[in-house]
Structure formats: C-alpha cells, structure tokens
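With UniProt numbering, you'll find the sequence shown wraps up at 556, consecutive numbering, no jumps.
Worksheet for the structure shown next.
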Amino acid sequence: MKTDIEIAQETKMLPIKDVAAQYGISEDDLELYGKYKAKISNELWNEVRERPDGKLVLVTAINPTPAGEGKTTTSIGLAQALTKAGKKTMLALREPSLGPCFGIKGGAAGGGYAQVVPMEDLNLHFTGDFHAITTANNLLAALLDNHIQQGNALGIDTRQILWKRCLDMNDRALRNIVIGLGAKADGVVREDHFVITVASEIMAILCLATDMDDLKERLGRIVVAYNFAGEPVTAKDLHAVGSMAALLKDALKPNLIQTLEHSGALVHGGPFANIAHGCNSVMATRTALKLSDITVTEAGFGADLGAEKFFDIKCRKAGLKPDAVVLVATVRALKYNGGVPKDQLSTENLEALKKGIVNLEKHIENIQKYQVPVVVTLNSFLTDTPAEYEFIKNFCEERGCEFALSEVWAKGGDGGMELAEKVLKTLETKESHFKPLYEDSLGIAEKIETIAKEIYGAGSVSYSPAAKKAIAKITDMGFSELPVCMAKTQYSLSDDQTKLGRPEGFELTVRDVYVSAGAGFVVALTGAIMTMPGLPKKPAADSIDVDENGKITGLF
C-alpha cells in the first residue's frame, strides 16, 4: 500500500482558482500562494454574508487510542462522498501543528484516498499563519519585558506575570526557564515559560474573531500580568494591539485548498482540543456555510473535548447551530477500550467489544444531551468481522443513531457513499434542537462541575488551593459568565489517561485556572496536562527527508 504522502504527491491537483470557481468565488476574491493554495479576501465575506446558511455537520470521535480512529480522514472522505452525491460541500478544518508533525503523530491532512492537498505544504509552513501567531505572541512578551526594563510605569509585579512565550514545536526544555540573565541591560531576571503555539491565546483569539475590529478588541483584552495592587494589566495597557494586529492581518483570512477529489477545503487555525478549544476558525466555518449546501467540520480528539468545546464555546460565541454529528469509531479502538492489547486487536473478540463499546455509548449520550442527531460511523479495517459490525450496528440503532461503515481511507469518496446517505437521511428527517450544556449565568466552579459530571462521568471535582484562589480572583474581575475550556488528557473520559472505557464516579482534579479574556473563556487545567508537549523517544522527524529535487519523504 502506498504511503499517504505518495498518494498525495501522485494526485493531479486543480489550480486553486478552478476549485474556487465551483463555489462561485472569483479570482479577484483570492490571494494566491502559488497555484494550489490561496487566502480568501475580506471582500468575499461582505458579498456572501446575507446568504442563507447551508447545513452544518460536525465530525467527532471516541477517545483516541493507539489503534487509531481517523476523524480527519472521515471528515474529508465524507465531504468527497457528499460531493459525489450531488451536494455542494465544503470542508472547514484546522491547520496542523509542527509539534505533532515532527513528534509522535506525523502529518495531519487526512489519510489514504481521503486527504487534503498540497499535503506537504499544509503540514509544514503552509501560508505562514502559525508563524504570524507565534510572532504576535512573542512580540507581546517582548513588549511586556521591555516595559518592566524601561521603568515599569504600570507597576507590573514580576511574580504575577501570566503571559508566556510560544513556539510551534514540541520542546519540553522550554516549559520552565529563567530569562534576563547577564548584565543590567539584558533585562530583569525572572522565571518564564513557553507554550506550544496552538495553546497560545492568540491562536484562540484568531479562531474566534469575526473580523479585524473584533480581533483588535479581543487582543486588547488579553490579561498579561497583575500589578502590585493586584489589578490586571492588559495588552491594551502595553499599547501592543496595533502592532500585533498588523502581524495577524493576513493570518486572519481563511485558506482555501482542495481534497484529492477537488472538493474545496477552508483550512484555518489550529488550537489543540486537549489544551485549547480544538476548533478551526469561526471565519472559515461561517464562510463555508454561505458558499455550500453542506459544511463538514471537525473538532479535535474525542467528543468529550472537541465536541463539547465546539458546542459550548464556538457555537455559543459564534451563533452556530449544528444540524448533525458524525461520531467516528473503529472496531479495533473499541476492543482496545475493552482491554485487548494493541498486538491482539486483529482477532475477533466480541466479549472485549461489549466491554469497550461503553466508551462509544457515553459519547452518544453526551451528544444527545445537546439535542443534535447522531450518525455513528466505523472506519473499516480488513481484520474486522461481520459479527463485530452487526453488534455495533445494532447497539447504535437501539440508541436512536444512524449507522454506516466507512471505507474512505481505501476508496476515497466512493468508500463514503453509505455514510453520506445516512448523513443526508439524518439532515432530511431529523431536526436539530441544539442548545449548550450550561447557561452563562452559572459560576466558574459550577460550569467545571457540570462538564465533569455530565460529560466525563465524574462523581466529584477537587480543586487545588491555587485553583480555588484563581477562581475567586477571576470571579472578582467580572469573568464568571465566560464559558470554560477544560485542559484534560484526550486518552480517557477522566483526567487519568490509564482509565479506558467508561470510568464513572471518579474525582476530577483541577490544579489551576486562568482567564483567556481575549478569547472569551476560562481555562481549567486538570491532571498532568502539559501546554508544551515533548518529543517521544523516536520522533517522526527521524524519518522525514527531502531529495535533491525538493521532494519530501517520510511525512506520514
């Protein structure tokens, strides 16, 4: 079988202007980055904003396992299949981060015959959005430290600095550092930290902003530190907003590329769902809804993270109403949740499947709490058996879900026709009555506990002294009505990644809480979740190379 990158490199892409023309986008509304990728101009939104929205389909998944699920692959394959079924369909996806690309995951542009291309460009520098976000983040950090060095007129308490530098790379050595060493002119000595770019508040702000004015308003609200009186100091106080916005001017525009079968894909923004809100930009999603009959989007990791944040943060803030949810699973992943070791997943095991399917069951129940119809799809593997399929199909249908097998990895759009039919049937016969899980008026702790108990299945929530103090301070600052963004392991419904299946009644531990005032949410850190990942013992970077003709190999 060919590798993903070999399949992508052998595909004959259409010029991006021809892909755009399928959606009524003129060449004047494109800002070209070569022949096969472009940014959408600001003017296009003004042309289409009064059009009615198409249907919005979210693709999410069970908790990820080493066996693999294929959420992005399913999203792309579904869009290709819906296009084959005669529906004008557009994807709205996140941009990959260089961290996992060179770390443990490899490329993130789909897989097999359900990919977006150009695959190498997307996985590497693409149109420079992440570089712009990194630079804007670090400009703010530089202005903050310079202000302190130049007399500290704002009275910033260097023991209460919140703003961290960022880098789009897994570099554990930068998690905790000391800066300002050397001579007096080299700055004030203090402890500092790095987060990965996808965890930067600038990333969240870019993805939730609706236009340049909204972007600048959000940037100005960023709380970077507290002064000696305990009052918040913002990016606006540091006069950083204009220069940061100038760096983000082009990054704010959605990027257009194509699938292997030439459906359009707006790929824009890329916050992780385990440490941020896990959704592509509001601007890309809203634009796709105006340009297509059906928009297929995804949210990161399992539905306990990505889908919850899509519903409770993105949809709440952007006024979006999802029409259906596709929930992705595999037989192998369900058996893994049932206790089968990774090297034994190819053998039929209905008992393990019955034990592990409770993970899928919990995600179905959670999505139904938002009153959105669910379609369950299984990514097909050669080792799956008819008995396993039949058991899962019956299980889903008993819970009011449509069910379909997906073979998009091997067959592209043709392998997604059954799934497309079930999605179309759901859109035509089942009505979404979407509403968020909790009201804005709930306090921060009440929101955390609602998510922990309703979505994760926790019995209780405990707070460290630091978390309790932070919640009280954030409430006093007037931010209690913001939604909560939970930072939690993706591998379990709980905050302990070793608890597979459907853990219940456990205690969720919140170790710290902070406000992302510009993004418009409060972040709760649980367990041992890291905002700057590290590389594995054998990183994916070991296998990546480029030949004398500039052809990249090893990128998944």
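No residue lacks a Cβ here, since even glycine has one placed at the ideal position from N, Cα and C.
Just so we're clear, the structure is a prediction, and the values are computed from it rather than from any experiment.
Discussion item. Runs of 3 residues minimum, wholly inside the region 272 to 314: which ones carry the beta strand (DSSP E) assignment?
Written reply: If you keep only unbroken beta strand (DSSP E) runs of at least 3 residues inside the region 272 to 314, you get 294 to 298.
Worksheet item: Hey, how far is the Cα of Asp384 from the Cα of Leu91?
Response: Rounded to the nearest angstrom, the two C-alpha atoms are 29 Å apart.
Worksheet entry | Cβ neighbours of Lys422 in the same chain (closer than 6 Å, five flanking residues each side left out) | Answer for Lys422: Val375, Glu402 and Ala404, listed in chain order.
Discussion item. Can you confirm whether the region 148 to 159 touches the region 177 to 193 when touching is taken to mean that 3 or more C-beta pairs between the two stretches lie within less than 8 Å?
Written reply: Flag = yes, the region 177 to 193 and the region 148 to 159 touch.
Practice prompt. Please report how far the alpha carbon of Val223 lies from the alpha carbon of His193, in whole angstroms.
Written response: Distance between the alpha carbons of Val223 and His193: 16 Å.
Practice prompt. Could you give the DSSP three-state label for Cys396: helix, strand or coil?
Written response: Correct three-state label for Cys396: helix.
Worksheet item: Residue ranges of each alpha helix (DSSP H) run of no fewer than 4 residues wholly in the region 42 to 93, ordered along the chain?
Response: Segments of the alpha helix (DSSP H) lying fully in the region 42 to 93: 42 to 48 and 71 to 84.
Item to complete: Can you give me the Cβ contacts of Val372 inside the same chain, cut-off strictly under 6 Å, excluding the 5 residues immediately before and after it?
Response: Taken in chain order, the residues that qualify are Pro322, Val325, Ser432 and Phe434.
Worksheet item: Of the residues His262, Leu260, Ala235 and Met486, which one's Cα is nearest the Cα of Ala273?
Response: If we check each option's Cα against that of Ala273, Met486 comes out closest.
Worksheet entry | Coil, strand or helix - Gln258 by DSSP | Under the three-state reduction of DSSP, Gln258 is assigned to strand.
Fill in: Proximity of Gly527 and Asp495 at Cβ, strictly below 8 Å
For Gly527 and Asp495, yes; Cβs fall inside 8 Å.
Discussion item. Can you look up Val372 in the DSSP assignment and give me helix, strand or coil?
Written reply: Judged by DSSP in its simplified three-state form, Val372 adopts coil rather than helix or strand.
Discussion item. Below 8 Å, how does it come out for the region 79 to 90 and the region 506 to 513: are there three or more Cβ pairs, yes or no?
Written reply: Segments in contact, no.
Practice prompt. Report the rounded CA-to-CA distance for Glu27 versus Val57, giving the unit in angstroms.
Written response: When rounded, the distance between both Cα atoms is 28 Å.
Item to complete: Report yes or no: do the region 246 to 262 and the region 167 to 181 share at least 3 C-beta pairs separated by less than 8 Å?
Response: Because the criterion of three Cβ pairs below 8 Å is not met, the region 246 to 262 and the region 167 to 181 do not touch.
Worksheet item: Can you list, in chain order, the residues of its chain whose CB lies under 7 Å from that of Ile529, leaving out five sequence neighbours each side?
Response: Closer than 7 Å at Cβ, skipping near neighbours: Asn274, Ile275, Ala487, Lys488 and Thr489.
Item to complete: Within the same chain, show all residues whose beta-carbon is closer than 6 Å to that of Asp331, passing over the 5 residues directly before and after it, in chain order.
Response: Residue identity check: residue 331 is Val in the sequence provided, not Asp. For Val331, where only same-chain residues beyond five positions count, the Cβ hits under 6 Å are Asp384 and Glu388.
Worksheet item: Short check: CB of Gly264 to CB of Arg94, under 8 Å?
Response: For Gly264 and Arg94, no; Cβs fall outside 8 Å.
Discussion item. Quick check on Leu248: does DSSP put it in helix, strand or coil?
Written reply: Of the three classes helix, strand and coil, the one that applies to Leu248 here is helix, per DSSP.
Practice prompt. Within the region 86 to 171, note down every full alpha helix (DSSP H) run reaching 4 residues or more, in order along the chain.
Written response: Unbroken alpha helix (DSSP H) runs of no fewer than 4 residues, entirely contained in the region 86 to 171, are found at 98 to 102, 119 to 123 and 129 to 149, following chain order.
Worksheet item: Measuring CB to CB, does Leu30 end up less than 8 Å from Ile7?
Response: Not in contact: Leu30 and Ile7 (Cβ atoms no closer than 8 Å).
Discussion item. Quick check: the region 329 to 347 against the region 434 to 449, are at least 3 beta-carbon pairs closer than 8 Å?
Written reply: Verdict: no, contact absent.
Discussion item. Quick check: Leu140 and Ala235, are their CB atoms within less than 8 Å of each other?
Written reply: Contact flag set, yes.
Practice prompt. Could you check how far apart the C-beta atoms of Ala519 and Ala204 are, in whole angstroms? I think they sit under 8 Å.
Written response: The beta-carbon distance between Ala519 and Ala204, rounded to whole angstroms, is 4 Å. This is short enough to meet the 8 Å contact definition.
Worksheet entry | The alpha helix (DSSP H) enclosing Arg221, as first and last residue numbers | That run of the alpha helix (DSSP H) goes Met212 to Arg221.
Worksheet item: Would you call Val178 buried or exposed, if buried means 16 or more other Cβ atoms sit within 10 Å of its Cβ?
Response: It is exposed - the Cβ of Val178 has fewer than 16 other Cβ atoms within 10 Å.
Item to complete: Could you check how far apart the C-beta atoms of Leu555 and Ile76 are, in whole angstroms? I think they sit under 8 Å.
Response: About 17 Å; that fails the 8 Å criterion.
Worksheet entry | Whole-number beta carbon distance between Val358 and Leu122, since they are thought to touch under 8 Å | About 36 Å; that fails the 8 Å criterion.
Fill in: Beta-carbon contacts of Gly103 that lie in its chain and below 7 Å, excluding the five residues immediately before and after
In chain order, Asn170, Pro533, Leu535, Pro536, Pro539 and Ala540 place their CB closer than 7 Å to the CB of Gly103, counting only its own chain and leaving out the 5 sequence neighbours on each side.
Worksheet item: Does the distance from the C-beta atom of Ala127 to that of Lys39 stay below 8 Å?
Response: What sits at residue 127 in the sequence shown is Thr, not Ala. Using a Cβ distance threshold of 8 Å, Thr127 and Lys39 count as a contacting pair.
Worksheet item: CA-CA distance, Ala245 and Leu500?
Response: One C-alpha to the other measures close to 43 Å.
Discussion item. Here's the rule I'm using: 16 or more other beta-carbon atoms within 10 Å means buried, otherwise exposed. How should His277 be labelled?
Written reply: With 16 or more Cβ atoms within 10 Å of its Cβ, His277 is classed as buried.
Discussion item. With a threshold of 7 Å on Cβ separation, who are the neighbours of Ser406 within its own chain once the five nearest residues in sequence on each side are excluded?
Written reply: Closer than 7 Å at Cβ, skipping near neighbours: Thr74, Gly77, Thr377, Leu378, Asn379, Ser380, Gly415, Gly416 and Leu419.
Worksheet item: From Thr285, Asn146 and Val328, pick the residue whose C-alpha is nearest to that of Cys396; which is it?
Response: Selected option, being the one with the closest Cα: Val328.
Worksheet item: When DSSP labels each residue in this structure, what does Pro465 get in the three-state scheme?
Response: Residue state, collapsed to three classes: helix.
Practice prompt. Starting from Asp192, trace the beta strand (DSSP E) both ways and give me its first and last residue.
Written response: Its beta strand (DSSP E) spans residues Arg190 to Asp192.
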